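Keeping their order, the protein sequence lines are chains A and B. The opening residue of the first sequence carries number 0 in numbering that gives the first Met the number 0; numbering runs sequentially from there. The opening residue of the second sequence carries number 0 in numbering that gives the first Met the number 0; numbering runs sequentially from there. For each residue, glycine too, the CB sits at the ideal point set by N, CA and C. Note that this is a predicted model, so its numbers are computed, not measured.
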Amino acid sequence: MKRTVSTVLFVLLGAVVIAAIGVGFWSQAYRAPAGTQVAKSLGTAVVNGKTVPHVELDFSTYPDASGTMIGGQPIHPGGNPSWPAYAPTNKFQVPAGALVTVKWNQYDSGGALNNNYFAWPHGIYGPLVVNGKVTDHIDLSNVGHTFTVRGEPGVDSGFFVSVASPANGDSPTDTSKPQTVEFSFIAGAKGTYAWNCEFPCGLSIGGFGAVMSSYGYMSGYLYAV
Amino acid sequence: MPSDHDHKREEIAEEVAPLFEGGPIWRRPAAKIFVIWAIMTAIGVVIGVMLPVHIFPKMVSPQGKDALDTVVFFTVLAAPVAAFVYAIGLYSLLAWRKMSGKSDTPPPDGPPHRGSGLAEALWVGASVVLVIVLLIWGMGFLASETAPQNNVVQVNVTGQQWFWTYSYPGTGVTSNKLVLPVNREIQFNITSMDVTHGFWPVELGDQIDANPGFITHITVEPNQLGNFDVRCSQLCGLYHAYMYSHGQVVTSSQFATWLQDQGASVSSVTSYALGKN
């Protein structure tokens, strides 16, 4: 009897320890504060002779995640308020194969890229419009962030979109003076695509520590449904 | 004064036949272990020969084929060694398991084998031979992968968190897509901008680290048209799992056209395609 009781207690103790570990991980898990942004419909568009849905994504990049520039609500509650961040969210949903127009307000400062490849737009459909003017690339030495989305094997492996935004060094906290970037791309096949910023805006080796190595601020997912 | 417990152990010990003694040869433990070893070796060899080709992706270069052959060869050579360990373990589990009607007391250990020159010579000799064969095979394989060649197509590969960039020297072309001509030797010159990455063009059957401040080389010769994946094989940070790019093996004319579509001049493409870069 004593042995049975000991065994049961031991198993229960193990279960409690495992549950505690699970609760610990769960409490530390990243939660997108603003959920997923479902792209706004703009009707349809004809792309390469084919009529496809036309949608719009709107996001901004801020010099910090404190939320003071957007009414005070932290962009990543419980996170580091001094790190730059994409807002309102880092998760976007678009129809598969749709023409997606992105309107991006960039408030953060920046600097030089460590790979000039990212100064040029890749995988876009139509022109890149920066501050109302069509351009073929961003100043290599004055980049704010990049929005770089890649395909994966089994999920439209050839899909790739990368666009940089100019730094907003003069007025990074002035909400009336963002650097505006507008471009379009054709969404890939159904699936989940990871995106991240390829401008080294973090700390440590290559500028890819801190914010760049913490999920959510400078990275996220694009869902094609 | 021996206890009852000691008497029980001695009784059980009498039931356990010495390794190389006791009755007809097929009933001796060594013979049974040998049979188990032979069966498990055969299973291991069959798995080594049959399984890798189904686990590996379809290889599109001789180097990939060599890598696959190496896995098969190493697995086949390892099979008897692994089988020996498992055979003894399996026999021990079966022969000395608790059986109904028998005492709970485990039998004592058998007498230790000491000072067997033959056993030691066999053990050390077989291990040395196996390791030397594997070493020679592996060194030869690595040498063929990294040997500098003449008139090869050079491709500079740069890894960074979490991206691969490919540049084609002399053409001014840089791309995130790795396009290669078929039936040409390609020398990859690989480095990293930040941390250590692992350049792994999967279906080409090769991989090597990309180290910051250092250039590593591998040579492959894709011999089939088609697509392949490039992965990072070194855990390199948050988006390591997404450090992927798309590769394609095309004909020489398609390769030249692709380079020109990327902005390369005709003369630079001609020179590049001849390996004069």
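Rounded to the nearest angstrom, what separates residue i and residue j at their Cα positions?
i        : j        : result
A:Pro152 : B:Asp228 : 7 Å
B:Phe83  : B:Ala41  : 12 Å
A:His75  : A:Val22  : 20 Å
A:Gly215 : A:Ala84  : 8 Å
B:Val281 : A:Ser175 : In this structure chain B extends from 0 to 276, so residue 281 of chain B is not present and cannot be described.
A:Ala64  : A:Phe184 : 27 Å
A:Val128 : A:Trp194 : 21 Å
B:Gly48  : B:Val75  : The sequence given here places Val at residue 48 of chain B; Gly does not occur at that position. Approximately 7 Å, taken between the alpha carbons.
B:Pro200 : B:Phe72  : 22 Å
A:Gln178 : B:Glu220 : 47 Å
A:Val54  : A:Ala38  : 6 Å
A:Gly168 : A:Asp57  : 22 Å
B:His216 : B:Glu184 : 13 Å
B:Arg96  : B:Trp36  : 19 Å
B:Val34  : B:Leu93  : 14 Å
A:Ser40  : A:Ser59  : 19 Å
B:Gly100 : B:Pro107 : 18 Å
B:Gly139 : B:Leu129 : 16 Å
A:Phe91  : A:Ala223 : 9 Å
B:Met98  : A:Met0   : 25 Å
B:Ala142 : B:Ser232 : 21 Å
With distances taken Cα to Cα, identify the nearest neighbour of residue i among the options.
i        : options                                : result
A:Lys102 : A:Val46, A:Glu181, A:Lys132, A:Asp63   : A:Glu181
A:Asn115 : A:Leu12, A:Asp138, A:Pro94             : A:Asp138
B:Pro168 : B:Asp68, B:Thr195, B:Ala120, B:Ser264  : B:Ser264
B:Ile38  : B:Tyr85, B:Thr164, B:Ala66, B:Thr269   : B:Tyr85
B:Leu237 : A:Tyr222, A:Val224, A:Phe207           : A:Phe207
B:Leu203 : B:Asn182, B:Thr173, B:Ile32            : B:Asn182
A:Ser218 : A:Tyr61, A:Phe24, A:Ala209, A:Asn89    : A:Asn89
B:Ala29  : B:Met98, B:Thr195, B:Tyr90, B:Ile189   : B:Tyr90
A:Phe158 : A:Lys132, A:Thr191, A:Val142, A:Cys200 : A:Thr191
A:Val45  : A:Leu56, A:Val37, A:Ala97, A:Gln27     : A:Ala97
B:Gly212 : B:Glu119, B:Glu184, B:Ile189           : B:Ile189
B:Gly63  : B:Cys231, B:Asn222, B:Asp260           : B:Asn222
B:Thr269 : B:Tyr165, B:Thr170, B:Lys97, B:Trp95   : B:Thr170
A:Ala163 : A:Leu112, A:Gln27, A:Pro52             : A:Leu112
B:Gln160 : A:Ser5, A:Lys132, A:Gly122, A:Ser213   : A:Ser213
A:Ser203 : B:Ala240, B:Gln253, B:Val194           : B:Val194
A:Val145 : A:Gly110, A:Ala95, A:Leu12             : Checking the sequence shown, residue 145 of chain A turns out to be Thr, not Val. When each option's Cα is compared against that of A:Thr145, the closest is A:Gly110.
A:Ala209 : A:Gly143, A:Pro80, A:Ala19, A:Phe9     : A:Pro80
A:Thr134 : A:Phe24, A:Ala118, A:Gly143            : A:Ala118
A:Pro87  : A:Asp107, A:Tyr106, A:Thr35            : A:Thr35
Is residue i close to chain A, meaning its C-beta is less than 9 Å from at least one C-beta of that chain?
i        : result
B:Tyr167 : no
B:His196 : no
B:Gly236 : yes
B:Thr256 : no
B:Thr173 : yes
B:Lys176 : yes
Going along chain A in order, which residues have a C-beta closer than 7 Å to the C-beta of residue i?
i        : result
B:Phe162 : Glu197
Which residues in chain B have a C-beta closer than 9 Å to the C-beta of residue i? List them in chain order.
i        : result
A:Asn113 : Gln159, Met192, Asp193
A:Tyr124 : Within chain B, no residue comes near A:Tyr124; the closest Cβ sits about 17 Å away, beyond 9 Å.
A:Ile204 : Gln160, Asp193, Val194, Pro211
A:His53  : Correct list: empty, because the minimum Cβ distance to chain B is about 26 Å.
Taking only beta-carbon positions, decide if residue i is within less than 9 Å of chain B.
i        : result
A:Ala188 : no
A:Thr147 : yes
A:Ala84  : no
A:Ala14  : no
A:Ala163 : no
A:Ile185 : no
A:Phe159 : yes
A:Met211 : yes
A:His144 : no
A:Ser218 : yes
A:Tyr116 : yes
A:His121 : yes
A:Ala193 : yes
Name the chain A residues that come within less than 8 Å of residue i, Cβ to Cβ?
i        : result
B:Asp228 : Pro152, Ser156
B:Thr170 : In chain order: nothing, as chain A lies at least about 15 Å away.
Please list, in chain order, the chain B residues whose beta carbon lies closer than 7 Å to that of residue i.
i        : result
A:Phe207 : Gln160, Asp193, Gly236
A:Tyr214 : Leu237
A:Ile17  : Chain B residues near A:Ile17: none, gap ~26 Å exceeds 7 Å.
Name the chain B residues that come within less than 8 Å of residue i, Cβ to Cβ?
i        : result
A:Ala223 : Within 8 Å Cβ-Cβ: nothing; A:Ala223 doesn't reach chain B, min ~15 Å.
(message) Any C-beta of chain B within less than 8 Å: which residues of the segment 60 to 76 of chain A qualify?
(response) Within the segment 60 to 76 of chain A, no residue has a Cβ that lies closer than 8 Å to any Cβ of chain B.
(message) What are the residues in the segment 237 to 248 of chain B lying within 7 Å of chain A by C-beta distance?
(response) So the close ones are Leu237, Tyr238, Tyr241, Tyr243, His245.
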